[in-house]
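Q: My questions all concern the structure below.
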Amino acid sequence: MVSTTTPSSGEYLLEMSGINKSFPGVKALDNVNLKVRPHSIHALMGENGAGKSTLLKCLFGIYQKDSGSILFQGKEIDFHSAKEALENGISMVHQELNLVLQRSVMDNMWLGRYPTKGMFVDQDKMYRDTKAIFDELDIDIDPRARVGTLSVSQMQMIEIAKAFSYNAKIVIMDEPTSSLTEKEVNHLFTIIRKLKERGCGIVYISHKMEEIFQLCDEVTVLRDGPVDCDAAAGRAGYGQDHRHDGGSFPEPAFPRTSKTSRERSFWKCVT
Numbered sequence: 001m002v003s004t005t006t007p008s009s010g011e012y013l014l015e016m017s018g019i020n021k022s023f024p025g026v027k028a029l030d031n032v033n034l035k036v037r038p039h040s041i042h043a044l045m046g047e048n049g050a051g052k053s054t055l056l057k058c059l060f061g062i063y064q065k066d067s068g069s070i071l072f073q074g075k076e077i078d079f080h081s082a083k084e085a086l087e088n089g090i091s092m093v094h095q096e097l098n099l100v101l102q103r104s105v106m107d108n109m110w111l112g113r114y115p116t117k118g119m120f121v122d123q124d125k126m127y128r129d130t131k132a133i134f135d136e137l138d139i140d141i142d143p144r145a146r147v148g149t150l151s152v153s154q155m156q157m158i159e160i161a162k163a164f165s166y167n168a169k170i171v172i173m174d175e176p177t178s179s180l181t182e183k184e185v186n187h188l189f190t191i192i193r194k195l196k197e198r199g200c201g202i203v204y205i206s207h208k209m210e211e212i213f214q215l216c217d218e219v220t221v222l223r224d225g226p227v228d229c230d231a232a233a234g235r236a237g238y239g240q241d242h243r244h245d246g247g248s249f250p251e252p253a254f255p256r257t258s259k260t261s262r263e264r265s266f267w268k269c270v271t
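Residue numbers (UniProt numbering): 1 to 271.
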């Protein structure tokens, strides 16, 4: 559902405010805020169980929030299905691949929205449209290939191309580099930057801090439900403590313990 009210100032493409979500015995989200600008890549970080995926599933219509508000392009939204989110300009590349292995690449690209010619699926148009997107993104995969014959990294690229095909304004990427080689990661970053140039806001979930500094403009860190840290990527640091000359950092967003030492490294936000 999309409201006709437009209370947003227009600075942000997406504003999630005071989002709460509980499951039996668990407070998954505790008054969480997330603001994403157009033409930006916004990292969402936190340890497993911090609420990252839950927050974005509330946005994408997979879960229903308990309370709070979501503004998208200045209008209040409350999606009740992923289909509704996609139709209104929000796309999600899931960490778990969501493709039909027995079908062709182009079938997977346009499943549920096939181009038609009379009463029949227009196979030629479906091929041309898929090929055009692949050419734009420099993806070397035959649109007629059966998905089950492809590598995991190729399947990931299909998922990303599918998100691209919706012309979405917000694109959510959940650990998109987990199955990619270094060369494929660089290719993915090129695609993400193209989306940014188009005016998209990209929400990028990752545990890989080197990726965040290389790619992202802003960072939000969740810790056990609430927001622990929110800053421009250039003002977020990675170090061994949480002190600096100008004052004190907030509590560390989440600790990481090395397998070879007892040193603990922390994200920290300069405020």
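Glycine included, each C-beta is placed from N, C-alpha and C at the ideal position.
Could you give the distance in angstroms between the alpha-carbon of G199 and the alpha-carbon of V121?
A: C-alpha separation (whole angstroms): 32 Å.
Q: Going by CA-CA distance only, name the one from L14, I41, I192, Q64 that's closest to A28.
A: Measuring from the Cα of A28, the nearest candidate turns out to be Q64.
Q: Does R37 come out as helix, strand or coil in the three-state DSSP assignment?
A: In the structure shown, R37 sits in coil (DSSP, three-state: anything other than H, G, I, E or B).
Q: How many angstroms separate the CA atom of G74 from the CA atom of C58?
A: Answer to the nearest angstrom: the Cα atoms are 18 Å apart.
Q: What three-state label does DSSP hand A50 in the structure shown?
A: In this structure, A50 counts as coil in the three-state DSSP scheme.
Q: Going by DSSP, which residues form a beta bridge with E15?
A: In the DSSP output, where bridge partners are listed per residue, E15 has K35, L71.
Q: Give the DSSP-derived three-state secondary structure of D149 in the structure shown.
A: The residue asked about is misnamed: residue 149 is Thr in this sequence, not Asp. Here T149 sits in helix by DSSP.
Q: Looking at M155: is its Cβ nearer than 9 Å to the Cβ of I202?
A: Taking 9 Å as the Cβ cut-off, M155 and I202 do not qualify as a contacting pair.
Q: Secondary structure at D174, three-state DSSP: helix, strand or coil?
A: Strand at D174.
Q: Can you tell me the Cα-Cα spacing of E175 and R103, whole angstroms?
A: C-alpha separation (whole angstroms): 25 Å.
Q: Relative to the alpha-carbon of E218, which residue among H42, D140, Q95 has its alpha-carbon at the smallest distance?
A: Closest option to E218, Cα to Cα, is H42.
Q: For A50 and L222, what's the separation of their Cα atoms in angstroms?
A: Distance between the alpha carbons of A50 and L222: 6 Å.
Q: Check the DSSP bridge columns for I90 and list the partner residues they point to.
A: DSSP output for I90 lists I170 as bridge partner(s).
Q: Based on the DSSP secondary-structure assignment, which residues constitute the bridge partners of A132?
A: A132 pairs with nothing; no bridge assigned.
Q: Whole angstroms are fine: how far does the CA of I205 sit from the CA of L56?
A: Going by the C-alpha atoms only, they are around 10 Å apart.
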